[in-house]
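Single-structure report; data block below.
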Amino acid sequence: MFTIGDYVLNQQTGHLGKVIGYGRQTMNHNMQTVTLRVLVAETVNSRRREFVFEDQVSAWVKWSTETYQFRSAELKVLSAE
1356 MFTIGDYVLN QQTGHLGKVI GYGRQTMNHN MQTVTLRVLV AETVNSRRRE FVFEDQVSAW
1416 VKWSTETYQF RSAELKVLSA E
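Residues in the sequence shown are numbered consecutively from 1356, following our numbering.
Dropping the structure here:
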């Protein structure tokens, strides 16, 4: 689980930001899942500077310099192909 203040990266959207809280999302009329509320500071394809984005906890990974270096190398490989 993440704590408030952690920096996280959304694996599907590429949003990078700071955890500001938790929420809930109702699925299939009776099942609830925990969501993470993140103040997004950096995005791959958005022109907005800062905004709040909420997604399932499983969509996020903790961001670190190692994550950044791996992702940068991965993007360089993809752009070279």
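C-beta: ideal position from N, C-alpha, C; glycine also. The structure displayed is predicted, hence computed values, not measured ones.
Query                                                                                              : Result
CB contact flag (leucine 1394, lysine 1417, <8 Å)                                                  : no
Limits of the unbroken beta strand (DSSP E) element including aspartate 1365                       : Per the sequence shown, the amino acid found at residue 1365 is asparagine instead of aspartate. 1362-1365 is the extent of the beta strand (DSSP E) around asparagine 1365.
Any C-beta of chain D under 8 Å from that of leucine 1371                                          : This model lacks chain D altogether, as it is built from one protein chain only.
Supposed contact pair arginine 1392 and glutamate 1409 - C-beta distance, whole angstroms, cut 8 Å : 5 Å
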